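Residue numbers (the numbering used here), protein chains in the order written: chain A, 89 to 189; chain B, 77 to 588; chain C, 2 to 169; chain D, 375 to 868; chain E, 957 to 1609. All C-beta atoms in this analysis are idealised placements derived from N, C-alpha and C, irrespective of residue type, glycine included. As the structure is a computational prediction, the values presented were derived from the model and not from experiment. Shown next, in structure tokens, is the structure this report addresses.
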Amino acid sequence: MTPGLHHYLIVSALLFSLGVFGVVSRRSLLVIYMSLELMLNAANLALVAFSQFNNNLDGQVMVFFIITVAAAEVAVGLALIVALYRKRRSAHVEDLTSLKY
Amino acid sequence: MSLSTLLLTPFVGALLLLLVPGNYRVIHRFIALVTTAVTALEALRLFAAFQPGIAGIQFEQSSAWVPAAGFSFHLGVDGLNIGLVLMASLVAFAATCVSWDIERQPKLFYFLLLLMTGGAIGAFVSLDLFFLYFFNELALVPTFLMMGIWGRGENRNYATFQITLYLTLGALIGLSGLALLYSQSGANTLDWVVLKAWLAENPLSAHSQRLILPLLLIGFGTLVGLFPFHSWAAPGYAAAPTATAMMHAGVLKKVGLYILLRVAVPFLPEALHHWMYPLAILALGNILFCGWVALRQRDVLLLLGNSSLAHMGFCFLGLAASGVIGVTGVVLIMVAHGLLAALSFGLAGHLVRATGTADIDRMGGLLKTMPFVGTALIMALLAGCGLPGFANFPGELTVMFGAWKTLPVFVIAAAWGGLLIGGVYMLRAIRDLLHGPVRAELPQGDDAGCWRRVPFLTLLAALIFFGVNPASLVDRITPAAAAVAGVPPVSAPTAGSEPAGHVAVTSSPNHR
Amino acid sequence: MPEFTDLLFYAFAGLTLLCGFLCVANPLSRNPVTSAMFLVLTIISMAGLFVLLHAFFLAAVQVLVYAGAVMVLFLFVIMLLNIKEEERRKMNIAAVGVGAVAVATLAGILVRALWHATPLATTATVEGSTRTLGRILFTRYLLPFEVLSVLLLVAMVGVILLSRKELK
Amino acid sequence: MNYSLLSLEILVTLLGVAVLLGDLWIPSSARRLLGYVAATGIGILLTYAVGTAAPPDGTAFGGMFVVDALSNYFKGFFLLSALVVVLLTIGSSESISGYAEYCALILFATVGMLFAASANDFVLMFVALELITVTFFILVSYSRNRSGSLEAGVKYLIMGALASGFMVFGIALIFGSAGTTQFYEIAARQTELGRSPVFLIGLLLTLVGLGFKIAAVPFQMWAPDVYQGAPATTTAFLATGSKAAGFALLLRVAFSAVPDITAHWSRLILGLGVVTLLYGSLCAIPQRSVKRLMGYSSIANAGYLLLGVAAVSLNGSTAVLTYLGGYIFTVLAGFAVIAVVTAQSNSDDVSAFAGLGQRSPLLATGLTVSLVSLAGIPPLAGFFGKFLLLKSIAAHAGSERLYLVALLAACVGVVISLYYYFGVVRAMFWPRTVADLTPIPVDGPTRLALGICLIGVLYLGVFPNALVQGAKQAAAGLVPQTAIAAQPVHAVHH
Amino acid sequence: MDAHAAQHALAATPAFSSRPEDLAWFILLLPLIASASIAAGVRRSTFLSATLSIGAVVAAFVLSIALFLPFGLGGYVAVPSTFSWIHAGDLNVDLGVAVDRLSVLMLLIVTGVSSLVQIYSTAYLKGDSGYGRYFGSISLFTFAMLGIVLADNLVMMFVFWELVGVSSYLLIGFWFEKPSAADAAKKAFLTNRLGDFGFLLGILMVWSATGSVQFAGIANALALHPAALGSLASIAGLLIFCGAMGKSAQFPLHVWLPDAMEGPTPVSALIHAATMVAAGVYMLCRAYVIFQIPGAWPAPLGFLSGISALDIIAAIGGFTALLAALMAVQQDDIKRILAYSTLSQLGYMVMAVGCGGPAAAMYHLTTHAGFKALLFLGAGAVIHACHHEQNIWRMGGLWRRLPVTFRTFAIGTAALAGLPILTSGFYSKDAILVSALDGGHPVLFGLGVLVAAFTPFYMLRLVIVAFFGPARSDAASHAHEAPAAMTWPLIALAVPSVAVAWLGLGDFLSAHFDPHFHAHEGGGIFGPFNHAPLAAMFGTGALLFGATAAFGVYWGVAKDPLPAQLGCLSRAMRDRFYFDELYEAVFVPLHDMIGRLCGAIDRWVFSGLIIRGVHGSVELFGRGLRLVQTGNLQTYTFLFAAGVAVVVLLATI
């Protein structure tokens, strides 16, 4: 069967869901952050697929933006996690509960 | 001389007060006194200049405010509010007078009091219902702060929050009703005059009326202490400083009723008729239930608070009855009760301050030690149980007459019986507070001296003037009452479901 | 008879999903490094999918920027902080289970909706080359591009601020 | 193409860069000068933006960037919010490490907001939102010596990135099903798109991202923690600028791009609004931390605003805009006081506010006015917006029971909120004996900021006409192509 | 011009206005002015307050005579003059005076007795700290009473009705520091209000049926449509009678009157003999037209058909008369004996109205006012002389030491007992017996005769025990005659007790109720024996029987022999047949219990369960709900994802 648009989209959707699952289930901030990257990648895949099947390059430009944003986010996020780790000696979400209720 | 001057006076006074540094206590008091005195005099002049016998709005002033939403700043008085304006300004003056014992942060106190005064007067003179609500809510924060900072009693915190939250909820539900009126009427305005003209042409459907009225009744009824939404009142007044209790029980409580008179009676006649019996029963709840509750009170302020609630029952009864006589009676009671409640709370406050207790069981024979305050209190309490000679009596009488035509006999009988209960607790209070032997263990509180008598005498004089000569009010009220209650309610249900007395009444050939 | 490219699709798709799964929920290792490595693999197999979709430039960027730069940053941080495995605290099975249900629901909704996605164009002629992309990027999408430059500036400033020593 | 349309954004960016560069030459002892520069700059731009010199209406970049009444309405408030926040930071410029960067970041975030207000395309919207969000990651965790700040930063980071992830995926689906990301083009095809499940899901996932920004249930979790942990000035900016940007975009998406679908979803929005406002109000009751309380209050206010969106009418949108206008002044006034008090006592517990009425009448008045306005009591700015909201809901209440329920729920919510707002007022005024009665000094810029906000709150409360007029114009400009139906229209049929 | 200004203007007009109604207004306002000025500050000077008060009331008395004379000389018709009071819709209430035979006669009684009582009080209350207050109150009372008398409509009457109640409250509670006085005042006021309760409802019924509250308007309407009140005719009448029941202390509201003796004795003379208690009877006569219409009952009370409101009124009056007479027989307190005697006589009058003889009732009211005031003032003189000793068994032999008091007291006793020919009491009592006979109420006639026998018995018991025999206490043995200010009023009141009989008052009053009335030929002082010999004979016989019995039982005894002979009946009579105890045991606790119940509901249900409950549960809910914010990112992300799922599901369903 020739893979159509929906094949790609379903791969993207599953990848996205995997990313969400990672965010929900993992406890290391770094892994959570990686899962978030997975989500963004899923969006990228969808965009590229749409771009191809819709005959419209705008989607690929958007991917470009997303990769840039992701890079910026990762930079800031990792800096933040490092700063937190220095302060708390931990990068686990369970240790991040001084602000609550 | 205009309504806007009258309305601005308290606010200008409040601003002036802000400009005076904090340690000039005498000047603060002086500014507040002069402001309220000027307000009262202006209101008196307006009252005198008001043409009786005319149904329309007088001293009208109007300017656009938020044209985008159809709101205007519209001032004016007719029979329904002219008396209330006078009453409010007199009470405000008296409340300022009795605040001489405020020691802590007097500047803030007088500022809040003037704000409250301005709010009350503004609510009464505004013809745009939005502003009516607006000015009414203006008093909320002053009430909260005054009760909190200068209040008394163990229960102050709870009572203050209770009164604030309860009243806000009521006001908001009422506001929802007004918002519904705004959208359902299609007039896209809350200007009463415009709305009235509009609704005369395009009356609200029965469905809309029955949707709006419960909101208004419950919402604004809560502001008045309609049974069973009354439990904020008595503890609130007991915890409030004297001036606040006077302003609130006397003046602000009337705003809710006033809105109901302005809106429910002319605009929602069908729904009002539909809700007549439930409303009458709730009114009886006020009159009888709160009366009986008052009977059990051993705290003079709680007693007055509950009795004030009982009086409000008569207003609701008149509202239920509607009609020219009923509405006239309600307005009469509103004016009278405003003066009376202020007088009672003022005197009781003096008493409590002088003796250091509000417990009736610990007082006695005070008429001997405080002849002036005692006598005035006797007069106030007797006026409270509907004694002729004071303004309450003509009001209650008129409501009775108005209610007789539309409501069943047992309601009237029970309501009138409520005054009897009033008699019981008022006389008991006189007996326990003022009569009997002097209690030696009480501090020998001072009677009101020359100047301290001014507020009480002012209120008493007004009460007696309107009591002896209710025509001066009635002649002003009646045309406006006829204008709002002119729409005859749907004719009464068939004779079969009516008590026998009613049939006789409606079939009377001599009926004028 | 499936063409070779179709098989490639299935291969890359399978690889992508498998590596993605191993990245977020590796049953054997809870070490962040493992996750990072599988993420790299996911990204690379995705680049393969990109190629299949004629997005050659993006495929290159994907590998260069993501696998080459971003993931290295991750690894660098992991090493820097010397983060070992997620400590074997008791896994909250119930929480993970509920989370899985929620995510499964989400996935179900997405799959159900996307199953019927139809292409807007019948023939695919676009070619994701550097030239074509560059043209669009610097004409129609100039404004977001410029905004992104501010974003990058912010990120730069932020990273410097966050990682420098406290100065009073 | 008319680049003058972008003048405001360009100038603010340049101001930010200038502040960053200025730090290189200015000695560290005179760093507060940078604050003054930034504030003056924003002030000038603000007068420029709201004055007659504002750029004329128009679009740029193929309709991606639009300048209209709505964008101008919001831009004024973003600049105002930035101005006040910068003014508030000047007093503590010595104690902030990297003060110049802080100011610059505030300016960059403002740029993001300005773009958000003008975004007419999902791509620009995404990029602008990311600019705001990423900047706030840094701003929230700015007080690195307080671990609360860092924790808040990380929480905001993860939640924000999660929301971005959903949003990106949503935008991808929108792009895929519509073939375009421009609002007007989508609006023209919305009847057809309304039948596409891919588009609808994409739209929903995009709205999730906006729901995160405005802190609506069920995307509200971050707000209390972040509000509490972040520096007070950042919180102020987060509660005003960021939230308003979210609403600017929400309104645009809802009414410029997909008005018919919004009408179809009005009951859902209404329900979310009710749940949000009740959630915020209820959770705020037991709070002792004033900043956290403001976080819950912010959630509750998002709920009220959603009600206005759910009204799906010109009046509803006008109400939302009016409400936001008053809300920004109000919240800024509140945070001005909170910033001073927390800086003074190193605590944002209610007890830190005890006796404020005597310690600093100005601050006490400021906070009281703010809280009372938040509660929606006349004659303050918060009241009129709330009234318009109720009114817009009431327009449907006659025919739809759910709207009547929402109306009453809103009333209940106001009462509950009064309870906790007045709890703070009580702490400030009631205590008859307070241990610490030392006056709290208030520096000049803070006084100025507080003064601006208080006058705004009072003026807008008493004379709201200009605001309502502006809001109405802005709301009217939301839908150039299709008129907004007065009643919820069930245009979408499956 | 509004009414208030009008009244002031009126007060300023010369007293010798040509219009009788203006004169009436002036009479009404004189005591008010006195009272107001005393309240305003004159009270600090004892002399001034007394002078002002007495001056006003004496002037009013003189003016009343001026108003009365034309009637006596043939009469004229006065036009009621009115001021607007409440005009709203169908309700028109004016302040107006009715000047006619009834009111003018009543004016004379009220101002006359009030003048004498006030003069008497100057001596009686000498040295009391509340001297000024006393005169202020008594002037207020006089004003209120005059208001009732002159009212030309039911509402105005009701207004003054209540004012009388409150001024009597002030007077009874004059010594408010004494708990018993304070309690008595409270009881009197409340009992009166209980009666007023019905009164107002009656007014409302009459108003809604006739459209008027004016006596004239009601009369006209009822003349045109006698059935205007429909099935409520009898009930309306009875409700209005409730008012009279309270003021005139008819069973079952009679309990307040004896207690009211806690007030100063002159007050008792004024209020509880001559004026306030007479107001009820006066009102019945005034509103007689309402009672005349044919009786009718609503369906549930259909079994009462055939009995009119008047029949019930007559029965209540007769019962009260007998009951009170029985109680009077065993009282020892001199004022209480008089009080019960008053009750008994009021019952008599009410019975007369009920039997269709309002003229007779008014006649007896007039004569009774004179001699009962005399008796009370006499009792006051005795008490004053005996240093506030009120128990007749601790007096004795006073006839020698208090000669003037004794003689006048004896005249009063004779009048009360109805000594034929010589005293006015005989004629008026006879008129009542005649009306009972004529009205077709033989049972009530018998009752009347029985009471007529009891009256001389208990009065002579009082006279014999108090004035004859040895002095039984120090106070009694050292008693000496009161000052002139007290004795002269006694003498003045003794005159009408004897002389009024010969003025032909009966005919004067009958002419009021029946325009076609013609005086009987051959009236004169032996009239009763000519016209209705049966009644006169029975009356005289009863007197003789009662007097003989009294002399037989009490002459020369030191201790009441009756308790020994009658046993528990005597106890019951002494203890007022336990009505007070019954009320105390049933109604007061019942009412208190309702109050307690409401208080509890208010406290526990409304304030507690509902308000505190709602408050508490909301707060609890908030406390619970915020636990959702665990602070753990994992919870947050999970809820976020779940939220997305839920929202998407909701939106796409």
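With contacts defined as CB atoms closer than 8 Å, residue 629(D) and residue 679(D) fail to qualify as a contacting pair.
The beta strand (DSSP E) runs lying completely inside the region 1007 to 1076 of chain E and spanning 3 residues or more are 1038 to 1044, 1047 to 1052, given in chain order.
In this structure, residue 1157(E) sits away from residue 140(B), with a CB-CB distance that is not shorter than 8 Å.
For residue 425(D), the three-state secondary structure derived from DSSP is coil. Contact annotation, residue 1237(E) with residue 1200(E): C-beta distance approximately 7 Å; criterion of less than 8 Å satisfied.
In this chain, the beta strand (DSSP E) harbouring residue 136(B) covers 134 to 142.
Note on geometry: alpha-carbon atoms of residue 337(B) and residue 468(B) lie some 18 Å from one another. Within the same chain, and ignoring the five residues on either side of residue 1269(E) in sequence, the residues whose Cβ sits closer than 7 Å to its Cβ are 1197, 1306, 1309, 1310.
Per DSSP, the unbroken beta strand (DSSP E) holding residue 434(D) starts and ends at 432 to 434.
Contact with chain C is absent for residue 463(D), since none of that chain's Cβ atoms lies less than 8 Å from the residue's Cβ. In this structure residue 1300(E) is not in contact with residue 1271(E), their Cβ atoms being roughly 15 Å apart against a cut-off of 8 Å. Between residue 673(D) and residue 594(D), the C-beta gap is smaller than 8 Å, which places the two residues in contact. If you compare the alpha carbons of 1330(E), 1597(E), 1531(E) with that of residue 108(A), the shortest gap goes to 1597(E).
Taking 8 Å as the CB threshold, residue 1602(E) lines the interface with chain D. For residue 759(D), the uninterrupted alpha helix (DSSP H) run begins and ends at 755 to 771, by DSSP.
Per the C-alpha coordinates, the member of 334(B), 159(B), 447(B), 299(B) positioned closest to residue 509(B) is 447(B).
When the five nearest sequence neighbours on each side are left out, the beta carbons in the same chain lying within less than 6 Å of the beta carbon of residue 206(B) are those of 147, 266, in order along the chain.
By the C-beta density criterion, residue 1549(E) is exposed, having fewer than 16 other C-beta atoms within 10 angstroms. At a cut-off of 8 Å between beta-carbon atoms, residue 594(D) makes no contact with chain A.
Taking the C-beta atoms as reference points, residue 1249(E) is found no nearer than 8 Å to residue 1195(E). Where residue 271(B) is concerned, the enclosing alpha helix (DSSP H) starts and stops at 268 to 277.
For the region 1274 to 1337 of chain E, the continuous alpha helix (DSSP H) assignments of 4+ residues that do not extend past its boundaries occur at 1290 to 1310, in sequence order.
Not one beta carbon of chain B lies nearer than 8 Å to the beta carbon of residue 665(D).
For residue 1558(E), the secondary structure class from DSSP, reduced to helix, strand or coil, is helix. For residue 392(B), the secondary structure class from DSSP, reduced to helix, strand or coil, is helix. Shortest Cα-Cα distance from residue 1374(E) to any of 1492(E), 1606(E), 1291(E) involves 1492(E).
With contacts defined as CB atoms closer than 8 Å, residue 411(D) and residue 241(B) fail to qualify as a contacting pair. Against residue 1594(E), the close residues of chain A are 112, in the order they occur along the chain (beta-carbon pairs closer than 8 Å). Residues of the region 1573 to 1591 of chain E with a Cβ closer than 7 Å to any Cβ of chain D, in chain order: 1574, 1575, 1577, 1578, 1579, 1581, 1582, 1585, 1587, 1589.
For residue 1607(E), the residues of chain D that pass the 8 Å Cβ criterion are 574, 578, 639, 642, in the order they occur in the chain.
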